[in-house]
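One structure is given below, encoded as structure tokens.
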Amino acid sequence: MTAGPWETAADLVVVGSGVAGLTAALAARRAGLRVVVVTKDAPDAGSTRWAQGGIAVVLGDGVSERAGDSVAAHLADTLAAGGGLVDPAAAGAILAAGPAAVADLRGEGAVFDGPPGALARTREGGHSALRVVHAGGDATGAEVERALLAATRRAELVVLPGHAASAVLTGPDGAVEGLEVRDEEGRAGVLAAPAVLLATGGVGALYETTTNPAVATADGWALALRAGASLADVEFVQFHPTALYVGADGKGRAPLVTEALRGEGAVLRDTSGHSVTAGVHPLGDLAPRDVVAAAITRRLGELGAEHVWLDATGVPDVAARFPTVAAACAAIGVDLARDPIPVRPAAHYACGGVVTDTHGRTGVPGLWAAGEVARTGLHGANRLASNSLLEGLVMGRRAADDVARALAGPRRLAAPTLPTSVPLPVADRAALQAAMTRGAAIGRDAAGLAAASDAVEAASTLRVPRTRADVEDAALTLAAHALLAAAGSRTETRGCHVRADHPLTDDHWQRASATVVVEGERLHVGTTDARHGGAA
Ligand code: SIN
């Protein structure tokens, strides 16, 4: 399907082929729906494959319970990490569905470390118990992606690689009628469908250095905003404390150095040999991620250093237990069994995103979202480590079930056509990334956020995005403005949102959310007081 313009029909179009997208597509197929999965690159090019630590889940197999763990304890840790902004009802529902979701994944062939009846568990920052199950040592995401893609082939799902989603098509009543896509030559086509599920992943490409692969260009935020959905909590971009430092000019994807290393005994030291987190948090190096990343950033500033050290030399069999990290370290001449690892924070995970309920429904009829692109209320101001693969599994399934229920009723016949091409602001990517890195990383203030917004605007030209790069850059441009506006409006420090000019946490913002929508040609940031009203 490369000659355009062309048109094809389905019940559900899933945009993205990571954990949430493939889980949803498989469940929808089992429910008898005609499903097309669209992905702009190769099916395994998204963030899922790069996830290391594992899946946080209380399996209910007796092992966790005997060790004193429970879903209630997992929820308590999630609430504590989330800085007061986690929706307890949504989080409770998602975490409780974890064991069944992991069982389904194992049913599709995913193999985890440890004996099948008593899987191995590790710990990461913010967790009060060993509850992170893993695969291939530190290659959990690769195993999840492998198993889901194999299941996709067995189910004979239609997967359309090399097609960038450029617009969600809606009818005169605002309901979804399909998706506009661009092939690798920039030709447009239409997938007519009454349901579209966004599972496009993250936004790491907003920054110069990120643990995300290059495809994480905020596509879903832009598609949703332009279709009339709202975003919330987008100011909370989580920086992973320990991305491998590969040199002063190292931009783009920085290899992740999993937090599970600290869970198994590795320690953080600054370049003077002192602990980075002593006196900062009772959990020390295993404090929630926002706390550790902010502590490292402060210490780098104090010392004028480029990186801190992660010393994993005391972790038993470290290279065998963490083969992915060992390989990344070896590539820069570091032997993690003998040498400390140079690390520094890098953009890692979008805690906010497209507002959905716990069935993945957005405010736009026919539009669902699941996985990192969505904001269910599970993460609040800072995601608990390894809750993301779990959320993708649970919410992919729940969204597919909801689509199947919605499509079981009477359907409206729609025949979307290619929309008239509208010019959009498209910023130069390097200029945008430099502006966001300078003004909207850890440690922001009003002047820096405004300067970043001006710089993104100055780097933008109006044009019709036809190529994949232009579609991505238009998405990054809109996403940058959304993030900067939300970050500017939240005049406090909370979780991943650290404001140098508002260093304290403000109770007013405990229940308020900066919600971003597109009104006409402009972004509008509203403040809602009913943060926790959306979960069903
Ligand atoms: C890690 O392995 O440190 C990352 C896991 C996550 O982002 O949840």
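FYI, in this note's numbering the residues of the sequence shown are -8 to 527.
For every residue, glycine included, the Cβ atom is placed at its ideal position computed from N, Cα and C.
Quick test of your reading: Val299 and Val267, contact by CB under 8 angstroms. State the CB separation rounded to the nearest angstrom.
Here residue 299 is taken as the residue at index 308 of the sequence shown, counted from 1. Here residue 267 is taken as the residue at index 276 of the sequence shown, counted from 1. Going by Cβ atoms, the distance from Val299 to Val267 rounds to 6 angstroms, so yes, they are a contact pair.
Do you know whose CA, among Ala391, Leu188, Asp174, lies nearest Val5's CA?
Locating residue 5 in the sequence shown gives position 14, counting from the first residue. Val5 has its Cα closest to that of Leu188, out of Ala391, Leu188, Asp174.
If you compare alpha carbons, which of Arg513, Leu110, Ile433, Ala426 is closest to Ala441?
For the purposes of this step, residue 441 is taken as the residue at position 450 of the sequence shown. Nearest option by C-alpha distance: Ala426.
Look up Gln424 in the DSSP assignment and give the residues it is bridged to.
The count along the sequence shown starts at 1 and reaches residue 424 at position 433. According to DSSP, which records beta bridges pairwise, Gln424 is partnered with nothing at all.
On a CA-only basis, which of Leu475, Thr468, Asp348, Arg40 is nearest Val135? Give me that one, please.
Reading the sequence shown from its first residue, position 144 is the one you call residue 135. The residue with the shortest Cα to Cα distance from Val135 is Arg40.
When burial is assigned at 16 or more other CB atoms within 10 Å of the CB, is Gln501 buried or exposed?
To locate residue 501, count along the sequence shown from 1; it is residue 510. Looking at its Cβ environment, which holds fewer than 16 other Cβ atoms inside 10 Å, Gln501 is exposed.
Measuring only the C-alpha atoms, how far is Val93 from Thr482?
In the sequence shown, residue 93 corresponds to position 102, counting from 1. In the sequence shown, residue 482 corresponds to position 491, counting from 1. Rounded to the nearest angstrom, the two C-alpha atoms are 39 angstroms apart.
Relative to the alpha-carbon of Arg388, which residue among Leu423, Asn373, Asn378, Ala360 has its alpha-carbon at the smallest distance?
By 1-based counting over the sequence shown, the position of residue 388 is 397. With distances taken between Cα atoms, Arg388 lies closest to Ala360.
Mapping the DSSP letters down to three states, classify Gly44 as helix, strand or coil.
By 1-based counting over the sequence shown, the position of residue 44 is 53. Here Gly44 sits in coil by DSSP.
Can you grab the Cα-Cα spacing for the pair Ala87 / Val62, in whole Å?
Taking the sequence shown and counting its residues from 1, the one referred to as residue 87 is at position 96. Taking the sequence shown and counting its residues from 1, the one referred to as residue 62 is at position 71. Answer to the nearest angstrom: the Cα atoms are 6 angstroms apart.
Under 8 angstroms: does the beta carbon of Gln43 sit that close to some heavy atom of ligand 1?
By 1-based counting over the sequence shown, the position of residue 43 is 52. Gln43: yes, Cβ under 8 angstroms from ligand 1.
Just how far apart, CA to CA, sit Trp212 and Ala466?
The count along the sequence shown starts at 1 and reaches residue 212 at position 221. The count along the sequence shown starts at 1 and reaches residue 466 at position 475. Going from the Cα of Trp212 to the Cα of Ala466 covers about 7 angstroms.
Whose CA, out of Gly371, Val385, Val149, Thr353, lies closest to the CA of Gly362?
Taking the first residue of the sequence shown as position 1, residue 362 is located at position 371. The shortest C-alpha separation from Gly362 is found at Val385.
Given that a residue counts as buried once 16 or more other Cβ atoms are within 10 Å of its Cβ, and exposed if not, what is Leu495?
The count along the sequence shown starts at 1 and reaches residue 495 at position 504. Burial call: exposed.
Confirm the yes/no value for this check: CB of Thr161, any heavy atom of ligand 1, distance under 8 angstroms.
Residue mapping note: residue 161 aligns to position 170 of the sequence shown, counting from 1. Thr161: no, Cβ never under 8 angstroms from ligand 1.
Compare the C-alpha of Val316 against each of Leu469, Ala130, Gly192, Ala476 and name the closest.
Residue mapping note: residue 316 aligns to position 325 of the sequence shown, counting from 1. Comparing Cα positions, the closest option is Ala130.
Using only the alpha-carbon positions, how far apart do Ala473 and Val29 sit?
Residue mapping note: residue 473 aligns to position 482 of the sequence shown, counting from 1. Residue mapping note: residue 29 aligns to position 38 of the sequence shown, counting from 1. Those two C-alpha atoms are separated by around 25 angstroms.
If you drop the 5 nearest sequence neighbours on each side, which residues of the same chain put their C-beta closer than 6 angstroms to that of Gly343?
Reading the sequence shown from its first residue, position 352 is the one you call residue 343. Contacts found: Ala223, Asp224, Val225, Phe227, Arg366.
What are the start and end residues of the beta strand (DSSP E) that includes Thr506?
In the sequence shown, residue 506 corresponds to position 515, counting from 1. Its beta strand (DSSP E) spans residues 504 to 510.
Taking the alpha-carbon positions, what's the Glu463 to Ala391 distance?
Working through the sequence shown from its first residue, we reach residue 463 at position 472. Working through the sequence shown from its first residue, we reach residue 391 at position 400. Approximately 26 angstroms between the Cα atoms of the pair.
Quick check: is any heavy atom of ligand 1 less than 8 angstroms from the C-beta of Asn203?
On the sequence shown, residue 203 is found 212 positions in, with the first residue counted as 1. Every heavy atom of ligand 1 is 8 angstroms or more from the Cβ of Asn203, so no.
Are the beta-carbon atoms of Ile332 and Leu235 separated by less than 9 angstroms?
Looking up residue 332 in the sequence shown gives position 341. Looking up residue 235 in the sequence shown gives position 244. Yes; because the gap between Cβ atoms is below 9 angstroms, this pair is in contact.
State the Cα-Cα distance for the pair Arg352 and Leu358, rounded to the nearest angstrom.
Locating residue 352 in the sequence shown gives position 361, where the first residue counts as 1. Locating residue 358 in the sequence shown gives position 367, where the first residue counts as 1. The straight-line gap from Cα to Cα measures roughly 7 angstroms.
Tell me the DSSP secondary structure of Val49 in three-state form.
The residue you call residue 49 lines up with position 58 of the sequence shown. In the structure shown, Val49 sits in coil (DSSP, three-state: anything other than H, G, I, E or B).
Does the distance between the C-beta of Thr233 and the nearest non-hydrogen atom of ligand 1 fall short of 8 angstroms?
For the purposes of this step, residue 233 is taken as the residue at position 242 of the sequence shown. Because some heavy atom of ligand 1 lies under 8 angstroms away, the Cβ of Thr233 counts as near it: yes.
Look up Gly105 in the DSSP assignment and say whether it is helix, strand or coil.
Reading the sequence shown from its first residue, position 114 is the one you call residue 105. Note: Gly105 maps to coil in three-state DSSP.
Use the C-beta contact count for Thr(-7): other C-beta atoms within 10 angstroms, 16 or more gives buried, fewer gives exposed.
Your numbering for residue -7 matches position 2 in the sequence shown. Low confidence applies here, because Thr(-7) scores a pLDDT of 39, under 50, leaving its location unreliable; read the following figure in that light. Classification of Thr(-7): exposed, given that the 10 Å Cβ count is below 16.
Assign Met(-8) to one of three DSSP states: helix, strand, or coil.
The residue given as residue -8 occupies position 1 in the sequence shown. Because Met(-8) sits at a pLDDT of 40, beneath the cut-off of 50, its placement in the model cannot be relied upon, and the point is left open.
Write down every uninterrupted run of the beta strand (DSSP E) in the region 138 to 219 whose length is 3 residues or greater and which is fully enclosed by it, in chain order.
Whole beta strand (DSSP E) segments, 3+ residues: 149 to 151, 155 to 161, 167 to 173, 179 to 183, 186 to 189.
Since Arg280 and Gly117 should fall inside the 8 angstroms C-beta cutoff, what is the C-beta to C-beta distance between them, to a whole number of angstroms?
The count along the sequence shown starts at 1 and reaches residue 280 at position 289. The count along the sequence shown starts at 1 and reaches residue 117 at position 126. The Cβ separation is near 7 angstroms, so the contact holds.
Using a Cβ-Cβ cut-off of 8 angstroms (strictly less than) and excluding sequence neighbours within five positions of Thr484, which residues of its own chain qualify?
By 1-based counting over the sequence shown, the position of residue 484 is 493. These residues qualify, in order along the chain: Arg490, His493, Pro494, Leu495, Thr496.
Smallest Cα separation from Glu171: which of Ala42, Thr411, Thr518, Ala245?
The residue you call residue 171 lines up with position 180 of the sequence shown. For Glu171, the nearest C-alpha among the options comes from Thr411.
Under 8 angstroms: does the beta carbon of Arg420 sit that close to some heavy atom of ligand 1?
Mapped onto the sequence shown, residue 420 falls at position 429. No.
Would you verify that the beta carbon of Thr367 is, or is not, closer than 9 angstroms to some beta carbon of chain B?
The chain inventory of the structure shown lacks chain B, comprising one protein chain alone.
What is the DSSP secondary structure of Leu369, reduced to helix, strand or coil?
By one-based count along the sequence shown, residue 369 stands at place 378. In this structure, Leu369 counts as coil in the three-state DSSP scheme.
Counting Cβ pairs closer than 8 angstroms, one from the region 145 to 155 and one from the region 322 to 329, do we hit at least three?
With the cut-off at 8 angstroms, the region 145 to 155 and the region 322 to 329 do not touch.
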